[in-house]
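Chemist: Pasting in a structure now, in structure tokens, and then I'll have a few things to ask.
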Amino acid sequence: KGKSKKESTRQTRQTNTPKKHRTEKQKTLELLRRRRAGEKIDELTESSSDYQEERGAYDSDASHAALSVFDDEESEEGALEKVRQSLRPGNHNMDDDSFIVSDDDTPLGAPSSLHSIPLEFTHQAHKHLKSHFKDCIEWMVQKKINPSFNQHDAIYIQAFRKLEPEARGLAHSKFSSSAWKEAFVRALWARPEFCEEELGAGFGEGEGRKCDACGRSGHPARFRVRLEGKPYFQATLEDVEDSGADDDDNDDDDDASVNSKGQPLLPADTEFYLGRFCRANAEKAHALIHWKHALYSWVVQTLSDQGFLEGEKLAERVRWGERKLGALACEIVDEWVESGEVKGLWRDFKNNLEVARSSKQDRWNA
């Protein structure tokens, strides 16, 4: 009775351990092991064999009973029973409960931070060019109706990034010539208006002139071309500021015009005498280069025709906030979609690209 609970447990484990019958070979091995351990013994008796079975080689104190099974060991059958119990319905521990995250207090639906997902991982990155074209028109309407909107929103940047290579890339690769003079190329890419006049027989000062674009003697001038309009930044469509000349000292602003890269340009009233083939290629290239500016001009003119740019309307919207102005711009675009205006603009843009791709480049050596 005086034994502790721990000792009682040990004794119970000892008592319940069944004795095993040893063979002669096992007895011989046991005798050799005990001799190596330093015991002076010539014969293994039954009692010593039974005792040694219960004690470890490390336990030299005979007063301590050896454990046949450690406290944290369990039988194979017991381990299987635990597995069976864990698989029964309703038998879950705290670890299982803590594994499940409760969302009772969180709002349902899409996360509010959805706008922070990079655009390349959303459907916006895989839209058809037609949808990107609509986004371009929306950007232009927002620019005129809601000037404080975010012009650099990822959706708009993606839209222009998809469309720009289709147009300007084609103009550069197919309809531009390395033989063209730098002054002509700068004017072609900087000024948004292309004005031409065909020269008849005996056209005065232009008679006998070679092409101003390529400078080849075998290309007689057949057209008088002027590249007009203020140079602008392609990304924002804002006019490029004139170079540092003061307004008071310069009656004609175009005399000191520069392009978006700060490079000097010839005045807008400069006349270029072009040969037949250079004129044809320059006209096609110019239309592709300035497609965005031309589309914006259409948007502004249509907004004006529909009364959105009248003084009374502008005064009414002065007190409007950015959100309300943005909503109006989106409504205008939606109405243009419903009326087929956007579809018609897309068809024209698409057809121009297809014609440019399929058309043969006019001869440079004619």
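Residue 73 is where the sequence shown starts when you use the working numbering, and the numbers rise one by one after that. We put the beta carbon where it would ideally sit given N, CA and C, even for glycine. In this text, all values refer to a predicted model and were calculated from it rather than measured experimentally.
Determine the direct distance from the alpha carbon of Arg106 to that of Ile113, and round the result to whole angstroms.
Modeler: Roughly 8 Å separates the two Cα atoms.
Chemist: Report the three-state DSSP secondary structure of Tyr130 (helix, strand or coil).
Modeler: With a pLDDT of only 47 at Tyr130, under 50, the local geometry of the prediction cannot be trusted, and no value is derived from it.
Chemist: Is DSSP giving Leu309 helix, strand or coil here?
Modeler: coil
Chemist: How about the segment 297 to 311 and the segment 254 to 266: do they share at least three Cβ pairs that are nearer than 8 Å?
Modeler: yes
Chemist: Leaving aside the five residues before and after Gln214 along the sequence, list all residues of the same chain whose C-beta is less than 6 Å from its C-beta, in chain order.
Modeler: Phe221, Ala401
Chemist: Return the chain-ordered list of same chain residues with a C-beta closer than 8 Å to the C-beta of Gly287, the five sequence neighbours on each side being excluded.
Modeler: Closer than 8 Å at the Cβ level, and outside the excluded window around Gly287, lie Ala251, Lys253.
Chemist: Are the CB atoms of His204 and Leu235 within a distance shorter than 8 Å?
Modeler: yes
Chemist: Note down the Cα distance separating Cys350 from Leu397, rounded to an integer number of angstroms.
Modeler: 46 Å
Chemist: Would you kindly work out how many angstroms separate the C-alpha atoms of Leu417 and Ala340, rounded to a whole number?
Modeler: 29 Å
Chemist: Within this structure, are the beta carbons of Ala428 and Lys246 separated by less than 8 Å?
Modeler: yes
Chemist: By DSSP, does Pro237 sit in helix, in strand, or in coil?
Modeler: helix
Chemist: From which residue to which residue does the alpha helix (DSSP H) around Arg267 run?
Modeler: A small fix is needed here, since residue 267 is Cys in this sequence, not Arg. Bounds of any alpha helix (DSSP H) do not take in Cys267; it lies within the beta strand (DSSP E) bounded by 265 to 270.
Chemist: Unbroken beta strand (DSSP E) runs of length 3 or more, entirely within the segment 327 to 391: which are they?
Modeler: 343 to 346
Chemist: Measuring only from the beta carbon, is Glu426 closer than 7 Å to any heavy atom that is part of the ligand COA?
Modeler: Looking for the ligand COA in the displayed structure turns up nothing, as the structure carries no ligands at all.
Chemist: Quick check on DSSP: helix, strand or coil for Val427?
Modeler: Val427 carries a helical assignment under DSSP once its states are collapsed to helix, strand and coil.
Chemist: Nearest to Glu382 by CA position, among Pro237, Glu407, Phe421, Ile217, is which residue?
Modeler: Ile217
Chemist: Output the distance between the C-alpha atoms of Ala243 and Ile209, rounded to the nearest integer angstrom.
Modeler: 22 Å
Chemist: In chain order, what residues of the same chain lie with their CB nearer than 7 Å to the CB of Ala255, ignoring the 5 residues before and after it?
Modeler: Leu338
Chemist: Let me know the secondary structure DSSP gives Arg288 once reduced to three states.
Modeler: coil
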